[in-house]
Every structure is written in structure tokens, then in C-alpha cells.
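Have a look at the structure below, then the notes.
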Amino acid sequence: MGKEEGAKKITVIGVVQGVGFRPFVYKIASSLGLKGYVKNLGGSEVVIHVEGDSDDIEKLINAIKKSHPPMAVIERIHVREDEMEGWKSFEIASSGNAVEEASMIPPDIGICQDCLREIKEKSSRFYRYPFHSCVNCGPRYSMMLRPPYDRENTSMRLFPLCEKCSEEYRDPKNERRFFAHGISCPLCGPKVRLLDSYGRFFNSEDPISEAGRLIEKGYIVAGKWGGG
Numbered sequence: 016m017g018k019e020e021g022a023k024k025i026t027v028i029g030v031v032q033g034v035g036f037r038p039f040v041y042k043i044a045s046s047l048g049l050k051g052y053v054k055n056l057g058g059s060e061v062v063i064h065v066e067g068d069s070d071d072i073e074k075l076i077n078a079i080k081k082s083h084p085p086m087a088v089i090e091r092i093h094v095r096e097d098e099m100e101g102w103k104s105f106e107i108a109s110s111g112n113a114v115e116e117a118s119m120i121p122p123d124i125g126i127c128q129d130c131l132r133e134i135k136e137k138s139s140r141f142y143r144y145p146f147h148s149c150v151n152c153g154p155r156y157s158m159m160l161r162p163p164y165d166r167e168n169t170s171m172r173l174f175p176l177c178e179k180c181s182e183e184y185r186d187p188k189n190e191r192r193f194f195a196h197g198i199s200c201p202l203c204g205p206k207v208r209l210l211d212s213y214g215r216f217f218n219s220e221d222p223i224s225e226a227g228r229l230i231e232k233g234y235i236v237a238g239k240w241g242g243g
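Heads up, the sequence shown is in the working numbering, so the first residue is 16 and it goes up one at a time.
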């Protein structure tokens, strides 16, 4: 008996943007040989158009329900039959501004153990880089200007990725940085500066340590990042 081919549209509502959801769907769908796309929409939801063997499509849906990224929170999944469009591969498509159903903006997430380890490793290119993050951690809500969650819609739009970060961003095998919109490094990301109450710069090679010393002396130090 031959395989039964079909197409479905899957809309996922919840905390599904900025948590590695699209890369997750991309990897599962590609491994099953399915075709189509996954993309963010303007209501902070995710929509999937998938074509292929009906049994494999069901496997994808089950994986979304049971094996989604740990930071994702799925509230509802809508599945309906869709038209075949003749896709030749599965891809992460450009986000759309349409709103099918309002969803949830992802919260900021405390630094993960992997990023913390890399910040502490002298051999790491992220050594002592305070803005290091990955798909599992870092700011989300505080740096969003508008949905959908894409780099150009966050305060990170001002910091184009360097060659190395771009390479990791495009690499599906990179579990933590593939399609992670908030990533950066000391070469391409924000820098830390220390200013006094008059807006004058402190001449310090290590502004964070200097801020710590000032606090120990009784000074009041306020911190500001890209989120405000």
C-alpha cells in the first residue's frame, strides 16, 4: 500500500516565539522528510504548513505536543487540512505580521548553565562577555519592540552579527544558537560602559568590576541594558 500524502496547517498558541520553537519544528520536520515551512506571526503565535506522508505529519504533531523546547508553553494547537503547495524542502520562512490568534510574548530568561560556563572559560570567545545568551536563556520581553519575535524587532537590531555569529545562527546543527535572535559576542554585540551621575565616562578596562568596587565603597550604581 502506498503512502497517503496530504497537507496540514498547524497553528500553535502560547509561549512559542523566542524559545527555539521554529528550529525545533524545522529539525523534526526535516528528519521526517516533510516539506513546507514554519514561521512566526504578528500575534506571537507560530504557524506551520506541512506536506508529506500523513503518518509522518502526525508524528510531527505528536512531537510538538510532547517534546517541544523546555522554555515553550503550548496553550492550544489548531490543526486543519490545507492545500498542497508543492514545497521541495522544509524551511524557516520569513515572519508575517498577520494575527490569527493573539498569543504570548516570551519572558526574559535567566542565564543557562551552558552560557555561564562559556563566560567563565578563558578559552571561550565569550569569556567574561556579560551579554552572552542562547536559545535557552537571555532577554526576550524586555528587548522586544513589537511582535513577531525577530532580531529586527528587538533592540539587538542595532548590532549586526559578525561572521562567526552569523555562521552559528545559520547552522541547524548548532543546538543553542541556530536561529537564536538575541545572540552576540564581544566583536559584534553591545559593550559595557560606566558613567558617573553627570554622564561622564569612567576610564576603566573592566567597568563591571569597577562598579562592584564603587558599591563596596557605598556608592549607588544603577544598571541599564538594551531593554531599558
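Where is the CB? At the ideal position from N, CA and C, for every residue including glycine.
Worksheet entry | Residue range of the beta strand (DSSP E) that includes residue 55 | As a first step, residue 55 is located in the sequence shown; it is residue number 40 there, counting from the start. From DSSP, the beta strand (DSSP E) with residue 55 extends over 50–55.
Worksheet entry | Residue environment, residue 49, which counts as buried when at least 16 other CB atoms sit within 10 Å | The residue given as residue 49 occupies position 34 in the sequence shown. Burial call: buried.
Worksheet item: How many angstroms separate the CA atom of residue 266 from the CA atom of residue 234?
Response: This structure cannot speak to residue 266, because the chain is shown only from 16 to 243.
Practice prompt. For residue 114, collect the residues of the same chain with a Cβ closer than 7 Å to its Cβ; drop the 5 residues on either side in sequence, then sort them by chain order.
Written response: By one-based count along the sequence shown, residue 114 stands at place 99. If we look at residue 114 and ignore the five residues flanking it on each side, its Cβ neighbours are 56, 57 and 58.
Item to complete: Answer with buried or exposed for residue 83, where buried requires no fewer than 16 other C-beta atoms within 10 angstroms of its C-beta.
Response: In the sequence shown, residue 83 corresponds to position 68, counting from 1. Result: buried.
Worksheet item: Among 64, 70 and 85, which one has its Cα closest to the Cα of residue 6?
Response: This structure leaves residue 6 out entirely; the chain is present only between 16 and 243.
Worksheet item: Can the beta-carbon of residue 97 be found closer than 8 Å to that of residue 19?
Response: To locate residue 97, count along the sequence shown from 1; it is residue 82. To locate residue 19, count along the sequence shown from 1; it is residue 4. Taking 8 Å as the Cβ cut-off, residue 97 and residue 19 do not qualify as a contacting pair.
Fill in: For residue 115, the three-state DSSP class (helix, strand or coil)
Translated into the one-based positions of the sequence shown, residue 115 becomes position 100. The answer is coil: DSSP assigns residue 115 none of H, G, I, E or B.
Worksheet item: What are the boundary residues of the beta strand (DSSP E) that residue 150 is part of?
Response: The residue you call residue 150 lines up with position 135 of the sequence shown. DSSP places residue 150 in no beta strand (DSSP E); its state is neither H nor E.
Discussion item. I need the straight-line Cα distance from residue 16 to residue 204, nearest angstrom please.
Written reply: Looking up residue 16 in the sequence shown gives position 1. Looking up residue 204 in the sequence shown gives position 189. Annotation note: pLDDT 47 at residue 16 (below 50); position unreliable, coordinate value reported separately. Looking at the backbone, the Cα of residue 16 and that of residue 204 are separated by about 55 Å.
Discussion item. So, at 7 Å on beta carbons, what are the nonlocal neighbours of residue 75 in its own chain, with the 5 sequence-adjacent residues on each side left out?
Written reply: On the sequence shown, position 60 is the one that residue 75 refers to. Contacts found: 43, 44, 47, 49 and 65.
Discussion item. Per DSSP, what are the beta-bridge partners of residue 64 in this structure?
Written reply: Working through the sequence shown from its first residue, we reach residue 64 at position 49. DSSP, once it has assigned bridges, lists 24 and 52 as partnering residue 64.
Worksheet item: Is the Cβ-Cβ distance between residue 197 and residue 145 less than 8 Å?
Response: As a first step, residue 197 is located in the sequence shown; it is residue number 182 there, counting from the start. As a first step, residue 145 is located in the sequence shown; it is residue number 130 there, counting from the start. Contact: no.
Discussion item. Counting C-beta neighbours from all protein chains within 10 Å, is the total for residue 41 16 or more, i.e. buried, or is it exposed?
Written reply: The residue given as residue 41 occupies position 26 in the sequence shown. By the neighbour-count rule (16 or more Cβ atoms within 10 Å), residue 41 is buried.
Fill in: Complete alpha helix (DSSP H) runs within the segment 120–168 (minimum length 4 residues, chain order)
Taking only runs of at least 4 residues, the alpha helix (DSSP H) segments lying wholly in the segment 120–168 are 128–135.
Worksheet item: From this set, 172, 132, 185 and 29, which residue's C-alpha is nearest residue 147's C-alpha?
Response: Counting from 1 along the sequence shown, the entry for residue 147 is found at position 132. Closest option to residue 147, Cα to Cα, is 132.
Fill in: Where residue 176 falls, given that 16 or more other Cβ within 10 Å makes a residue buried
Translated into positions along the sequence shown, residue 176 becomes position 161. Buried, by the Cβ-count rule.
Practice prompt. Could you say which of 174, 172, 193 and 110 lies nearest to residue 182 if we only look at CA atoms?
Written response: Counting from 1 along the sequence shown, the entry for residue 182 is found at position 167. Nearest of 174, 172, 193 and 110 to residue 182, Cα basis: 193.
Worksheet item: Under a Cβ-count criterion, where at least 16 other Cβ atoms within 10 Å of its own Cβ denotes burial, should residue 137 be classed as buried or exposed?
Response: The count along the sequence shown starts at 1 and reaches residue 137 at position 122. That one is exposed.
Worksheet item: Nearest to residue 85 by alpha carbon, out of 110, 31, 109 and 222?
Response: If you number the sequence shown from 1, residue 85 lands on position 70. Per the Cα distances, 31.
Worksheet item: Assuming residue 61 and residue 37 make a contact with CB atoms under 8 Å, what is their CB distance in whole Å?
Response: As a first step, residue 61 is located in the sequence shown; it is residue number 46 there, counting from the start. As a first step, residue 37 is located in the sequence shown; it is residue number 22 there, counting from the start. Contact flag correct, Cβ pair sits at about 7 Å.
Discussion item. Helix, strand or coil for residue 216? Go by DSSP, reduced to three states.
Written reply: In the sequence shown, counting from the first residue as 1, residue 216 sits at position 201. Residue state, collapsed to three classes: strand.
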